[in-house]
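Enquirer:
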Amino acid sequence: MAVAESAHEHHDHHEHGEFIAHHFDTAEQQFDSGKLGIWIFLVTEVLFFSGLFVAYTLWRYHHPQIFEQAHVHLDKYLGAANTIVLLLSSLTIAWGVRCAQLGKNRAVANLTLITMVCAAVFIGVKAVEYSHKWDMGILVRSAFTYDGTDHHHEPTMPIAKALGVSDWLVTLSIVPAILLVGFTFVSVLMYMTKKPLWAKFWAGMVVTVGGYFLGAFAGHIYMEVTDGGIGSKHAGVSTEPLVLLAASDDKHTSADHAHASDHDDHGHGMSEKQKLDRDIGIFFSIYYCMTGLHAFHIIGGIIALSWIFYRSLAGHWRPDYFGPVDYVGLYWHLVDLIWIYLFPMLYLID
Amino acid sequence: MATAEIRKELFGHAEQTNYLNHSRGFLSWALTLDHKRIGIMYLVGVSAALIIAGIFALMLRAHLYYAGGTFSDASWGLFQVDNARYNQLFTLHGAIMVFSFIIPSVPAALGNFVLPMMLGAKDVAFPRLNLASFYLWIVGTAFLVAALLTTGLDTGWTFYTPYSIRTSTHVVYATFGAFVLGFSSIFTGINFLVTINTMRPKGMDWFHMPLFLWALYSTAIIQVLATPVLGITLLLLMAERFLGIGIFDPDLGGDPVLFQHFFWFYSHPAVYIMILPAMGVISELISVYSQKRIFGYTFIAFSSVAIALLGFLVWGHHMFTSGQSVVMSMIFSAITFSVAIPSAVKVFNWLATLYKGSILLTTPMCYALSFIFLFGIGGLTGLFLGALATDIHLHDTYFVVAHFHYVMVGGTLTALFGGLFHWWPKMFGRMYNDFLGRIGCLLVFLGFNLTFFPQFVMGSRGMPRRYATFDPEFEIFHQWSTIGAFVLGIGIVLSFAVLVYAALYGRKVTGNPFGAASLEWQSSSPPSFHNFDHKPIINDPYDYDSLVYDETLDTYVLREFMDPSQVPERQPVSH
């Protein structure tokens, strides 16, 4: 937010510190402004997510049985692992802020790198979770084709066959793979053209993207070993007894909310079970919206962290100038915090 | 003699480069971080949006001149306005006016220019964020225009589900445009909040700020707290259209009324984003052109905050007929009435400021007085709509249309013009033609009333809004309204012409030609790149006795720098 350098105001720099923008009087004023700015930004982020939390609350209230039915498809062990990964990343960035305050740039660089790797591991695990569900047809409401059997599609892509993973996981990994190759190439190029700072930076980005594959690999092995995950116990759950409940619940809500009723003139020719399965799609709509938006924030966080990583390598932080580490750190804690809410709300309902 | 030299040094402002000419070329504007240039660019942008959407408005009014629709006939060819085309016209008129014009008009254009200078600061806290906000405005507006140029848009500016999920027009372009414009608004809000908090000069505490800053601060609170909710709402609407997530779509088990709740949770506070900065402008104008301390400073200041906070609790009054529970409607209705209190506090304080002031009927003051009159009507008719029983009758009629146009156009547009005329000499260092400016104001005032007052009458008689054709019994009202719209259009064009001519060829003015006491008038006109050549001398923004006219410099200077023997007790203000 409060970016310090001012490109065209060099004549001011003799009286200002190196990174104090021309319109601030003191370093303290600049820091306070940035800090207030990032806190206000975080407030807007909370409100941005609030719409989804309201949607969650409403549907949970109106269709509790769907939530109980559907959440068993989410693997709580993978979710817990991701929670630990994110908590660890929050620890490292908080530590990094402290090191920046002390001017220990090298330590900030290392800690930021660990934070980025954790973020990438999180995305990798999420890719395994998403691809596993998509493979079974557990998609958003309108595309929901899950039929209650854990039928997996045989992979068709040659590389998916070779690795023994699903087509979806390969598709999701295409961009990280391109980034991995590209970053490696740039890093080597920088090393050969004797730009050690950039070489280090891009090497760090290679390690970061490597975190994605680490997460995806670990998640995939877990799925293989446990045959679809021990945390998701859907195999043994029958949906039959819930059909009646769901039907009566729909009558109840349609009396309250005539406009919200969908079962009167739609879904002809569907069995009750098919309708329930389709309604479970609403849970997954909310699940994909919430976790998807959160994943976008993780990716945005990685980009912001990479900026901190570069400036740490360049040795910019001093006891009187460490604001950006603090701001990005605060953002990262918020992203972590949102996951701390999402995990129990989506995975741990009972 | 020493004092004369100091005066000259402090208030004389020798010829020098200013923010307009210190660098040249397209890139020096496109990449500028200077809040004054960004403000000017915003001004150009929102004026373009006003013109586009204003042309739509005139087309709508021309079509409604005859009960059967003036352009309904197929013989109009390309210009034929059938019902579908009519829907697109009023939708884009509303969407562009609301999202691209009114919301950024006063805060982002005038506020950007004036806010840091009122604080005696060099810039806003985050100049890059400020520039980013402007570019997001361009991107968002481009998407709205893209929707216009491709398939049009026929949902109304409110994008109500389920129709916005079903229609074949490019709702996604328009919603994405509004989504991006929302972030533009958030960025401005963050900037203003932080700037006012951390960049006030020593000696200016919260209660010695100009009231325009209180208004902008309250506006920024709403921008920051409400706009993200619009963001997620529009994102969900796009996901609904692309993916069918089933949250709003009743076919998939979704709740379309939830969309209305989400939408109005933003869009009602957004009404106050539109009107609060305008009220701030009026507080300045009334006080300066009465040359009298603003009456009830703290009441006006806190009424801005009160409106901002109460504004979050009244969104349900847009949904009295949506089937929400009666208890909810009653609560929303009661809170809606309570918003009238801080609004009335402002109006009474303005009137009390006028009382025994030495009133100058310059162009800005004329606009300020029309604001009080028009906002009075607009605000009071809001109470009819906030009352449950009458709202059921008036809902979705021209009464509603007339009400919010009295607030949005009679209020915000009028205040924008008043503010432009007031700060124009500061922005460009040149004076406008006051006579023509007042003629423009008169045309705006008369044209506006002629346009919208008949709409109250036909609305209360049952003329529904958004209809391309109507019963012949309403024709006479529609015809007055159409004539008024064109008079209003001429008034706006004339006002713009006066301003543009002044910026290019007007008589040059000095730093403080109006005897205004807030800090921005201590800079030269136009201000230098860093705003102030000297650290501004912090004084009471409403203490007009602290200023005296200095003939040698042809500007108002602080009394303490004058030789006491030369200063008369109280000088009449003229220019």
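Residue numbers (the numbering used here), protein chains in the order written: chain B, 1 to 350; chain D, 1001 to 1575. Heads up, the beta-carbon is just placed ideally off N, CA and C, and yes, glycines get one too.
Distance, Cα to Cα, D/SER1524 vs D/GLY1231?
Expert: If I take the Cα positions, the gap works out to 41 Å.
Enquirer: Compute the Euclidean distance between the alpha carbons of B/THR112 and D/ALA1121, then round it to the nearest angstrom.
Expert: Going from the Cα of B/THR112 to the Cα of D/ALA1121 covers about 35 Å.
Enquirer: Please name the residues in the stretch 316-350 of chain B whose beta-carbon is closer than 7 Å to at least one beta-carbon of chain D, in chain order.
Expert: From the stretch 316-350 of chain B, no residue has a Cβ closer than 7 Å to chain D.
Enquirer: What residues in its chain sit with their C-beta under 8 Å from that of D/PHE1561, if we drop five residues either side in the sequence?
Expert: Within the same chain, D/PHE1561 has close Cβ partners THR1003, ILE1006, ARG1007, LEU1010 and PHE1011.
Enquirer: Can you tell me the Cα-Cα spacing of B/THR92 and B/PHE309, whole angstroms?
Expert: Cα to Cα, B/THR92 sits roughly 13 Å from B/PHE309.
Enquirer: Would you report the Cα separation of B/TYR288 and B/GLY281, rounded to the nearest angstrom?
Expert: Rounded to the nearest angstrom, the two C-alpha atoms are 10 Å apart.
Enquirer: Counting beta carbon pairs with one atom in the stretch 1130-1137 of chain D and one in the stretch 1064-1075 of chain D, are three or more of them shorter than 8 Å?
Expert: No, the stretch 1064-1075 of chain D is not in contact with the stretch 1130-1137 of chain D.
Enquirer: Kindly say whether B/ALA304, judged by its beta-carbon, lies nearer than 8 Å to any beta-carbon of chain D.
Expert: No, its Cβ sits nowhere closer than 8 Å to a Cβ of chain D.
Enquirer: Could you check if D/SER1325 is buried or exposed, using at least 16 other CB atoms within 10 Å of its CB as the buried criterion?
Expert: Exposed, by the Cβ-count rule.
Enquirer: Output, in chain order, the set of chain D residues within a Cβ distance shorter than 7 Å of B/LEU36.
Expert: Within 7 Å Cβ-Cβ: VAL1194, ASN1197 and THR1198.
Enquirer: I'd like the list of long-range same chain contacts for D/GLY1576, defined as Cβ closer than 7 Å, with 5 residues on each side in sequence excluded.
Expert: Since the first residue of chain D shown is 1001 and the last is 1575, residue 1576 of chain D is not available in this structure.
Enquirer: On the DSSP bridge list, what partners appear for D/SER1528?
Expert: BP columns for D/SER1528 point to D/ASN1531.
Enquirer: Check the Cβ of D/VAL1229 against every Cβ in chain B and list those closer than 8 Å, keeping chain order.
Expert: Those within 8 Å of D/VAL1229 in chain B are LEU47, PHE48, SER50 and GLY51.
Enquirer: I want to verify the contact list: residues of chain D whose CB lies under 7 Å from the CB of B/THR44, in sequence order.
Expert: Per Cβ cutoff of 7 Å: ILE1186, VAL1224 and PRO1228.
Enquirer: Do D/TRP1206 and D/PHE1265 have their C-beta atoms within less than 8 Å of each other?
Expert: No, Cβ-Cβ distance for D/TRP1206 and D/PHE1265 is not below 8 Å.
Enquirer: At a CB distance below 9 Å, what residues from the stretch 1249-1275 of chain D approach chain B? Give them in sequence order.
Expert: Residues ASP1249, PRO1250, ASP1251, LEU1252, GLY1253, GLY1254, ASP1255, PRO1256, VAL1257, LEU1258, HIS1261, PHE1262 and PHE1265.
Enquirer: So, helix, strand or coil for D/ARG1241, using DSSP?
Expert: Three-state DSSP puts D/ARG1241 in a helix.
Enquirer: DSSP three-state label for D/PRO1472, please.
Expert: Helix.
Enquirer: Starting from the Cα of B/ALA218, find the closest Cα among B/VAL121, B/LEU102, B/LYS76 and B/ILE230 and give me that residue.
Expert: When only C-alpha atoms are compared, the closest one is B/VAL121.
Enquirer: Under 8 Å Cβ-Cβ, which residues of chain B neighbour D/LYS1122?
Expert: Near D/LYS1122 (Cβ distances below 8 Å), the residues of chain B are HIS22 and HIS23.
Enquirer: Does B/GLY236 pass the burial test, meaning 16 or more other C-beta atoms within 10 Å, or should it be called exposed?
Expert: Any reading at B/GLY236 needs caution, since the residue's pLDDT is 47, under 50, leaving its predicted position unreliable; the model's value is listed next. The residue in question, B/GLY236, is exposed, as its Cβ has fewer than 16 Cβ neighbours within 10 Å.
Enquirer: Quick one: which chain D residues come within Cβ less than 8 Å of B/PHE201?
Expert: By Cβ distance, chain D contributes nothing, its closest Cβ being about 22 Å from B/PHE201, past 8 Å.
Enquirer: Who are the neighbours of D/GLY1244 on chain B, taking C-beta pairs under 8 Å?
Expert: Within 8 Å Cβ-Cβ: VAL140, ARG141, SER142 and ALA143.
Enquirer: Looking at chain B, is there any beta carbon in it that lies within less than 8 Å of the beta carbon of D/PHE1126?
Expert: It does; some Cβ of chain B falls within 8 Å.
Enquirer: Using the Cα positions of B/GLY323 and B/ILE40, report the straight-line distance between them to the nearest angstrom.
Expert: So the two alpha carbons sit approximately 15 Å from each other.
Enquirer: Using three-state DSSP, classify D/MET1117 as helix, strand or coil.
Expert: It is helical.
Enquirer: For the 8 Å Cβ check, are there 3 or more pairs between the stretch 121-141 of chain B and the stretch 317-335 of chain B?
Expert: Not touching, per the Cβ criterion.
Enquirer: Hey, quick one: how far does the alpha helix (DSSP H) through D/TYR1556 stretch, first residue to last?
Expert: Where D/TYR1556 is concerned, there is no enclosing alpha helix (DSSP H), although the beta strand (DSSP E) it sits in stretches over 1555-1558.
Enquirer: Who are D/LYS1508's beta bridge partners in DSSP?
Expert: Paired residues: D/ARG1430.
Enquirer: Quick check: the Cα distance between D/ILE1359 and D/HIS1395, rounded to an integer number of angstroms?
Expert: In a straight line, the C-alpha of D/ILE1359 is about 40 Å away from that of D/HIS1395.
Enquirer: Between the stretch 1483-1500 of chain D and the stretch 1077-1097 of chain D, can you find at least three pairs of beta-carbon atoms closer than 8 Å?
Expert: Touching, no, given that fewer than three Cβ pairs across the two stretches are closer than 8 Å.
Enquirer: Within 10 Å of its beta-carbon, does D/THR1219 have 16 or more other beta-carbons around it, so buried, or fewer, so exposed?
Expert: So D/THR1219 ends up on the buried side.
Enquirer: Among D/PHE1435, D/TYR1556 and D/GLY1447, which has the Cα closest to the Cα of D/GLY1410?
Expert: For D/GLY1410, the nearest C-alpha among the options comes from D/GLY1447.
Enquirer: Can at least three beta-carbon pairs, one atom from the stretch 1278-1290 of chain D and one from the stretch 1345-1362 of chain D, be found at a separation below 8 Å?
Expert: Touching, per the Cβ criterion.
Enquirer: Identify the continuous alpha helix (DSSP H) that holds D/VAL1314 and give its terminal residues.
Expert: Run containing D/VAL1314: none; DSSP gives neither H nor E here.
Enquirer: Among D/TYR1549, D/ALA1344, D/THR1414 and D/TRP1076, whose alpha-carbon lies nearest the alpha-carbon of D/PHE1496?
Expert: The candidate whose alpha carbon is nearest that of D/PHE1496 is D/THR1414.
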